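Here the structure is laid out as structure tokens; the discussion comes afterwards.
This is how it looks when you write it as structure tokens:
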């Protein structure tokens with residue numbers, strides 16, 4: 001409970017709610033409780049707390065480090081990884097080519113027309129990417145006939161088994177970029 005009396009310098013009295021103080025004398029301050037504070041002192045303390053809080057907040061903002069720019073996780077392919085292959089139905093890379101291209105990794109793709117391709121030319125392949133070629137339409141691991149890397153030459157290459165010298169038709173492919 002806050003009681004204000006007509007005292008010099010606007011003294012305010014702070015008493016617990018259960019105490020009923022005797023009214024002070026208007027001429028003497030000798031009998032005033034120790035919890036009496038002037039309004040100007042309380043305003044000064046409040047102002048100091050506000051200024052201190054503002055300065056600490058400002059200091060925190062000044063010394064805070066800027067957040068680093070967001071980066072893509074290493075398992076997420078970057079959209080800048082371009083790749084392009086030309087697939088051919090003849091082992092000499094002659095005739096019409098089927099161009100397959102994209103950006104970043106792909107799942108298994110079996111969009112090779114006319115029963116598959118026998119040869120390919122790497123036109124463009126980002127160093128972060130690898131193209132795996134398969135002889136089935138499901139990209140089965142045991143049906144893989146070869147991989148193309150960025151270091152692979154950009155010349156006509158034929159997919160064939162080294163053991164049987166038999167030509168393998170490319171019926172599906174998958175691109176992995178890291």
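Residue numbers (the UniProt record's numbering): 1 to 178. Ideal placement from N, C-alpha and C gives every residue a C-beta, glycine not left out. As the structure is a computational prediction, the values presented were derived from the model and not from experiment.
Asked	Found
Member of 56, 53, 62, 90 whose CA lies at the smallest distance from the CA of residue 170	90
Buried versus exposed call for residue 122 [16 or more other C-beta atoms within 10 Å across all chains shown]	buried
Best match in 51, 50, 172 for proximity to residue 114 [C-alpha to C-alpha]	172
For residue 62 and residue 54, the rounded distance between their alpha carbons	12 Å
Segment limits, beta strand (DSSP E) that includes residue 176	172-177
Which residues DSSP lists as bridging residue 136, in chain order	None, per the DSSP bridge assignment.
Local Cβ density within 10 Å of residue 168, reported as buried at 16 or more and exposed below that	buried
Endpoints, the beta strand (DSSP E) within which residue 86 is located	82-88
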